[in-house]
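Protein chains in written order, with the numbering used here: chain A, 1 to 316; chain B, 1 to 272; chain C, 1 to 272; chain D, 1 to 294; chain E, 1 to 314. Each residue gets a CB set at the ideal place from its N, CA and C atoms; glycine is no exception. Let me begin by presenting the structure, written as structure tokens, before commenting on it.
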Amino acid sequence: MNSEFTKTKEVSIRSLIDENQRGNSLRRKTERLIPIGLMLLASLSILTTLGIIWTLLSETVEFFKRVPFLDFFTGTILKPLSQNPEFGVLPLLMGTVTSSLIAMVVAAPIGLMAAIYLSEYASLKVRKVVKPLLELLAGVPTIVYGFFAFTFVTPILRELIPSLQATNILSPGIVMGVMIIPMIASLSEDAMSSVPNAMREGAYGLGSTKLEVTRRVVIPAALSGIISSFVLGISRAIGETMIVTIASGSTKNFTFDITQSMQTMTAYIVEVTGGDAATGSTVYYSLYAVAMTLFVFTLIMNLLARSVSKKFREEY
Amino acid sequence: MTVLKERIKENSFSVVRNENWTKPIYETNGLNLWYGTSHALKNIELSINEREVTAIIGPSGCGKSTFLKTLNRMVETAADVTISGNVTFKGNNILGKSMPVEILRSKVGMVFQKPNPFPKSIFENVAYGPKVHGIRNKAMLEMIVEESLKKAALWDEVKDRLHKSAYSLSGGQQQRLCIARCLAIDPEVILMDEPTSALDPVSTHKIEELIRSIKNDVTIAIVTHNMQQAARISDRTAFFLNGEIIEHNQTSTIFNNPADPLTDDYVNGRFG
Amino acid sequence: MTVLKERIKENSFSVVRNENWTKPIYETNGLNLWYGTSHALKNIELSINEREVTAIIGPSGCGKSTFLKTLNRMVETAADVTISGNVTFKGNNILGKSMPVEILRSKVGMVFQKPNPFPKSIFENVAYGPKVHGIRNKAMLEMIVEESLKKAALWDEVKDRLHKSAYSLSGGQQQRLCIARCLAIDPEVILMDEPTSALDPVSTHKIEELIRSIKNDVTIAIVTHNMQQAARISDRTAFFLNGEIIEHNQTSTIFNNPADPLTDDYVNGRFG
Amino acid sequence: MHMQTEQIRLRHMKTRLLLNQISKFIFMLSAFFGLFFLAVLLVRVVTEGIGSINFGFLTGKLSTQPERAGIMGAILGTFWLMLVVAPVTMFVGVGTAIYLEMYAKKGKLVSFIQTNISNLAGVPSIVYGILGLTVFVRTLNLGNIVLAGGLTMSLLILPIVIVASQEAIRAIPFHLSEASYGVGATKWQTIQRIILPAALPGILTGAILSLSRAIGETAPLVVIGIPALLIPFPGSIMDRFTVLPMQIYYWTLDASLVSEYANLAAATIIVLLVTLFILNATAIIVRNKFQRVF
Amino acid sequence: GTESDDTKKDDSAASKTPENNTAAAQETETEDLEGSVVIDGSGTVYPLMARLAEEYMINEQEGVSVEVSRAGTSAGFKKFLVENGTDFNDASRQIKDEEAAEADKLGIEVKELKVALDGLTFVINKDNDWANEMTPEQLVSIFLADGNVEKWSDINPEWPDEKINAMGPNENHGTYEFFYEKILDKQDMNSNVNLQQEYSTLVNLVAEDKNGIAFFGFGYYVNNQEKLQAVGVDFGNGPVEPALDTIAEDGAYADFTRPVFTYLNVNHAKEKPQVRDYAIYVMNNINKFAGETGFAPIPETEVQEVISFLEGLK
Ligand SMILES: Nc1ncnc2c1ncn2[C@@H]1O[C@H](COP(=O)(O)OP(=O)(O)OP(=O)(O)O)[C@@H](O)[C@H]1O
Ligand SMILES: Nc1ncnc2c1ncn2[C@@H]1O[C@H](COP(=O)(O)OP(=O)(O)OP(=O)(O)O)[C@@H](O)[C@H]1O
Ligand SMILES: [Mg+2]
Ligand SMILES: [Mg+2]
């Protein structure tokens with residue numbers, strides 16, 4: 001290519017670009033529409049929230065017209081379908097809280113220790129194998145866990161605890177805990193691995209063992225992240241449906257006895273929607289009141305987890 | 001490099017000829033290091049003398065930090081690291097199983113480029129080392145903290161707020177706090193990885209002063225990208241390039257009369 | 001600073017006295033910039049002359065990159081940036097609404113510290129700019145790519161693998177590719193932010209050669225932390241500290257006879 | 001001081017090292033506990049169900065006779081459901097992510113939307129079921145058809161897709177965008193030509209993983225009232241349908257009526273798990289194949 | 001052992017008549033039908049109706065698609081009593097007055113088809129060797145709010161001094177409704193009774209609990225005979241085990257027997273040949289499959305009556 005040719009071409013590149021740019025004002029205008037379109041898509045998520053709240057709220061209001069607010073939240077007896085129905089939500093709350101607590105007793109220590117192992121101890125190779133496998137555990141559908149709790153874990157537990165009923169809250173609680181382990185492990189691991197390495201190096205440099213670095217530096221620094229993973233775990237347990245539905249039966253017991261069948265809020269919703277509850281009946285509305293309670297419960301948990309972990313992110 | 005090799009050979013017969021030659025506290029021998037398959041340190045032969053300041057210079061990525069971290073085996077905290085060769089600390093090969101890293105590291109402190117205090121109080125930061133090593137006695141701890149902060153020339157600035165968060169200090173103060181934290185476990189060596197590169201001129205000056213004041217007690221190996229700093233504070237300088245030692249000699253020689261043209265190019269800023 | 005101010009005053013009367021003085025293509029006037037509440041550029045008064053190489057030096061965090069990115073308004077891509085003052089490019093205030101950033105940026109290319117080719121083929125990387133500016137013609141694109149790669153002294157090394165991924169190139173080649181990518185849209189100015197600091201000596205040398213070879217056609221503003229590099233390739237040098245311009249002058253003056261003692265300290269490595 | 005600390009140091013070292021070893025072992029056990037459980041679960045399900053898996057089972061219609069029962073209907077139902085969920089969530093999810101990451105000014109609105117999305121991700125799936133029941137099945141009167149179930153599932157996994165897409169977009173180093181802006185490309189050009197192609201593997205991985213969540217999800221469909229029954233194979237999104245997990249649910253419960261149903265449930269679980277495994281493997285392959293080079 | 005033999009006998013007996021009728025039906029059916037038949041309703045009746053639908057599609061009309069769902073009796077009626085509603089609604093109870101009124105309003109002519117009989121069965125644990133036989137009064141007293149029975153010994157002093165764990169299906173089920181209305185005579189049920197949504201839960205609970213007793217439809221017992229035993233009920237003439245031959249309208253177990261139904265939208269049957277054809281098929285074969293699914297057959301005369309009604313629709 002001779003320089004003469006190059007020279008003219010050079011000029012034409014520039015002028016071509018300039019020319020195109022002049023004609024591009026239409027393009028720039030249409031570009032301004034893109035964010036508006038995308039914003040509409042983004043607002044869909046807000047619409048979903050509003051939809052949930054509207055759906056739950058309108059029917060819940062109707063429910064509280066029929067059943068006094070206080071009776072609902074202080075009643076220990078739930079007999080929604082009986083001839084003299086009673087709508088105390090406490091048995092359901094009890095079932096929900098108990099099963100979630102059992103789940104956390106299993107998941108919190110195991111999940112945290114697994115996270116410590118993965119974040120602080122495991123070699124890259126081990127981590128590369130174990131993490132996806134744990135993800136796999138998290139990916140097992142809950143219906144499978146339910147089947148497993150009902151047909152396998154309960155019979156085994158009955159060998160150990162003879163008084164255990166065929167449907168009970170203990171077995172689904174434990175299985176739910178196993179289900180939550182990966183979640184807590186992975187969120188806590190995230191929190192721990194986002195502790196700057198510089199901080200670990202500082203501690204190792206002073207002759208600390210791994211355990212000491214973990215205990216005195218990493219965990220304190222990641223504490224809010226870890227706590228928030230626990231709270232999210234609880235929230236997940238509260239909202240879990242199929243495991244308890246299948247393995248804990250539908251007895252509306254208000255009891256502390258974990259060997260017995262208890263019903264959770266979620267299982268109640270399944271029971272009522274699965275049945276013949278006629279639109280307009282109190283039972284039908286109770287569905288929404290329970291769902292609303294469940295929604296508020298998990299919402300509080302999520303907001304709590306968020307604010308805790310936010311605090312932690314601000315630290316560095 | 002040849003000079004160095006000869007010297008190491010001489011040294012193995014304990015023939016100390018050079019008048020500036022003090023006892024080597026570290027000696028490396030055929031040290032090679034790989035991150036995965038990438039060869040980060042190539043056949044490093046280097047000795048570090050007791051109670052001297054050794055500066056390590058070289059362009060970015062040449063392996064300065066890697067080498068420094070090999071000296072207290074911190075490099076092993078990275079994933080998939082392979083090391084071969086010998087690194088002896090006071091005659092013991094530290095790469096073997098014989099010495100737990102925790103003991104080695106309690107004798108070899110380390111200061112990093114970015115100050116990295118723990119998210120604890122100033123006091124707790126300095127007391128951390130003694131505590132993990134089993135010192136519980138409160139009076140003793142207080143004494144150690146005070147002494148270390150004094151050595152690090154930080155005591156006067158923080159003595160009224162020992163229990164405030166370390167993050168309330170300025171960058172330069174934080175760096176001196178990190179040095180104090182090292183000093184609290186009474187190390188024999190302090191490794192410093194670009195300790196002033198994130199600091200302002202005044203803080204830099206203070207740290208350089210500090211190095212001068214403690215070098216009678218501890219051996220110091222310092223990585224710096226600031227050639228003038230190396231010239232100012234070090235007794236010897238090692239020039240790294242692409243994971244190799246190009247030249248290692250007295251600082252004045254390296255800067256004024258380097259043997260290798262690459263060294264000359266580098267210290268005169270023709271690359272890097 | 002006083003020197004500079006005087007000069008700007010002179011310049012505003014278009015009195016060109018200095019024999020090296022060419023037409024300023026950029027002029028900034030009372031330029032201030034905040035990231036959120038942190039004041040990153042303070043009252044910058046600086047002009048950049050056409051077909052000259054202006055080096056910008058200063059310690060880490062002093063605002064060099066920020067200033068450079070203000071020149072093509074790239075700085076606005078960061079969140080929460082406030083700018084006041086004037087920056088004129090060929091007489092037009094670029095901070096106003098009058099000129100769309102896309103047009104400005106098509107005239108002002110930028111090269112970054114880390115080579116940042118797109119995850120596309122070598123060809124597509126160079127052709128990207130012309131394409132987004134609406135050039136579709138294949139033959140034309142091919143010509144532009146070839147020409148740009150030639151100017152960037154990369155053609156011979158890559159002509160046989162134009163359609164391989166840009167990541168298959170070495171760091172230095174990638175950086176030249178990024179320069180070729182700039183050249184492909186025929187810019188009037190190229191801003192370079194530490195273009196060689198991640199490169200080896202040979203690549204650094206090549207890029208410096210390249211800068212020398214294109215400076216007859218384009219104006220270049222280059223940030224560097226390598227003082228010798230600034231001395232080697234630039235016509236003028238501006239020294240930044242804490243967001244302020246401490247001194248701006250002919251390169252030889254800055255290095256040999258600085259007006260400000262801080263400049264002296266910095267270029268002689270007493271801090272930073 | 002020196003001597004003293006030195007002695008204390010050595011005295012403690014043994015205990016400290018021992019403690020470190022012990023705790024490492026315990027931590028490791030914890031990490032492997034979940035995997036052990038997974039293994040037991042798989043062995044149990046496979047031994048119970050593998051005998052029922054054969055060609056007839058995979059391609060047959062549902063039947064009350066265990067030896068005749070097949071799950072083609074549920075497989076097709078799952079397929080049609082995905083045909084609704086995948087495009088809807090991809091379109092809305094990626095659009096939302098682009099808006100949040102690239103356009104929205106970081107401020108109150110964005111953090112509100114962001115909070116909202118992360119809260120939606122925490123809303124129990126059964127609540128989405130109630131939403132779907134009320135809005136799609138009853139108010140829009142769609143009935144128990146694929147479209148209603150699909151839209152419900154889409155809402156359910158949308159937050160996951162959004163967050164995954166956001167992460168994928170955020171993971172594209174800013175210097176690539178910078179390079180594009182630097183040659184004068186507009187924002188949309190940069191998104192279209194640089195960011196989306198580079199983020200695609202990440203987005204796809206997230207989308208596939210959330211699809212597999214949708215495939216295994218049961219509770220919302222139970223609430224919507226999806227039957228696992230004698231219905232013709234679904235042929236479009238307007239048909240009634242059932243899905244694999246619903247089939248498992250009913251067969252688990254009906255095992256008291258016909259005990260072989262327990263085996264059919266286990267067999268269906270195997271099919272479901274294999275499907276999910278294939279999807280997950282695809283996601284991992286996508287992730288590794290397009291491993292980030294930048 | 002004996003019961004299952006009975007079952008088989010009954011089966012083969014019942015299967016005779018349908019064969020003749022099928023032959024008769026085939027005459028009228030000259031062309032191949034197509035289209036769909038949509039059935040919803042009771043979950044109790046579902047196994048029977050689903051079975052018939054399958055057989056119909058395999059053996060009779062491949063072109064017709066019979067869809068069977070089980071939303072529940074009431075929910076099913078809601079889908080049945082609308083314009084273009086379902087063709088059949090299975091019901092474990094009779095249509096209610098309001099529902100019938102709704103049908104009138106919409107102009108839907110509804111025909112009740114009684115399809116089978118179900119025997120309310122009380123089951124106890126296999127290890128329970130005392131309560132194998134009880135009177136209806138004793139059984140009722142266990143479930144009544146004021147039955148004053150908590151322990152087995154409250155019923156019979158010789159029986160163990162242990163707490164009875166009474167259970168049953170919950171109010172969602174037609175079975176509960178029948179039990180409450182017909183057996184308990186609408187007296188309050190003991191609040192200790194463990195009411196469950198799922199029959200599988202009940203089966204497991206009783207199978208594992210020596211002191212458990214539960215009631216549900218005969219079908220759930222037949223399919224779990226290896227886990228449970230049925231209580232023989234002494235209606236006055238000695239204990240009667242529920243079985244396909246005792247559960248009949250004039251059988252020995254009649255007092256605990258209830259009919260189950262499917263309701264036909266007659267308008268649809270007139271408009272759509274496949275609906276009418278299917279209805280006739282159901283009636284012709286109903287007794288053949290009832291036994292298999294745990295229901296007792298209905299009298300042949302009733303079947304014939306309905307068939308002639310259906311054949312009259314054209
Ligand atoms: N953890 C790691 N894993 C893999 N490679 C690494 C790791 N740390 C460093 N490297 C590589 O090893 C080489 C040497 O790195 P090192 O950090 O020692 O260089 P350096 O001389 O300290 O550079 P700088 O001046 O930038 O700090 C580099 O190529 C670097 O990319
Ligand atoms: N996007 C941003 N948001 C907030 N603060 C920023 C941002 N970018 C830079 N800063 C701050 O602005 C100041 C100037 O930064 P700048 O990157 O311009 O420095 P620099 O001179 O280029 O430094 P270096 O030599 O390290 O590249 C620094 O204090 C930096 O922390
Ligand atoms: Mg380094
Ligand atoms: Mg910079």
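For the pair of segments examined, the region 84 to 103 of chain D was found to touch the region 141 to 160 of chain D: the number of CB pairs separated by less than 8 Å reaches three. Interface criterion met: the Cβ of Ala166(A) is under 8 Å from a Cβ in chain E. Ranked by Cα distance from Gly134(B), the first of Leu304(A), Ala107(A), Leu287(A) and Thr209(A) is Thr209(A). Between ligand 3 and Asp156(B), a heavy atom-to-CB distance of less than 7 Å is absent.
Sixteen is the threshold: when 16 or more other Cβ atoms of the shown chains lie within 10 Å of the Cβ of Val89(A), as they do, the residue is buried. For the pair of segments examined, the region 76 to 83 of chain B was found not to touch the region 135 to 153 of chain B: the number of CB pairs separated by less than 8 Å stays below three. Per DSSP, reduced to three states, the secondary structure at Gly41(E) is strand. Proximity of the beta carbon of Thr266(A) to ligand 2 is not indicated: no heavy atom of the ligand is located closer than 7 Å. Bounds of any alpha helix (DSSP H) do not take in Pro59(C), whose DSSP letter is neither H nor E. Not flagged as an interface residue toward chain C: Gly122(D), since no C-beta distance is shorter than 8 Å. In this structure, Ala221(C) sits away from Ile94(C), with a CB-CB distance that is not shorter than 8 Å. Listed in chain order, the beta strand (DSSP E) elements of length 3 or more contained wholly in the region 101 to 142 of chain E are 110 to 125. Listed as beta-bridge partners of Arg306(A) by DSSP are no residues whatsoever. For Pro227(D), the chain E residues whose C-beta falls within less than 8 Å of its own C-beta are Ser69, Arg70 and Ala71, listed in chain order. Here Cys62(C) has Phe240, Leu241, Asn242 and Gly243 as same chain residues with Cβ atoms under 7 Å from its own Cβ, once five neighbours each way along the sequence are excluded. Here the residues close to ligand 4, judged by CB distance below 7 Å to any of its heavy atoms, are Lys64(C), Ser65(C), Gln113(C), Asp193(C), Glu194(C) and Val223(C) in chain order.
Chain order gives no chain B residues near Val129(A), where near means a beta carbon separation below 8 Å; the closest approach is about 14 Å. At least one CB of chain B lies nearer than 8 Å to the CB of Ser197(C). Among the residues of the region 26 to 41 of chain A, those with a Cβ less than 8 Å away from any Cβ of chain C are Arg28, in the order of the chain.
Around Thr251(A), the beta-carbon contacts reaching into chain E at under 8 Å are Asn194, Leu195 and Gln196. When 7 Å is used as the limit between beta carbons, Ile110(A) is near these residues of chain D: Ser30 and Phe33, in chain order. With the criterion set as a beta carbon lying under 9 Å from some beta carbon of chain E, the members of the region 254 to 265 of chain D are Asp254, Ala255, Ser256, Leu257, Val258 and Ser259, in sequence order.
Under the three-state reduction of DSSP, Tyr46(E) is assigned to helix. Listed in chain order, the non-local C-beta contacts of Thr273(A) below 8 Å within the same chain comprise Leu287, local neighbours out to five positions each way being set aside.
Taking the CA atoms as reference points, Thr251(A) sits about 18 Å from Asp188(E).
Under a 10 Å Cβ-count criterion, Ala74(D) is classified as buried, with 16 or more other Cβ atoms of the shown protein chains found around its own Cβ. Within a 10 Å sphere around the beta-carbon of His248(B) sit 16 or more other beta-carbons, which makes this residue buried.
Remark: the C-beta of His225(B) is outside contact range of ligand 2, defined as less than 7 Å to any heavy atom.
With a 10 Å radius around the Cβ and a threshold of 16 neighbouring Cβ atoms, Arg11(D) comes out exposed. The DSSP-derived three-state label of Tyr253(E) is coil. Among the bridge pairs identified by DSSP, Gly217(E) is matched with Leu120(E).
Residues of chain D whose Cβ lies closer than 7 Å to the Cβ of Phe118(C) are, in chain order, Leu176, Ala179 and Ile194.
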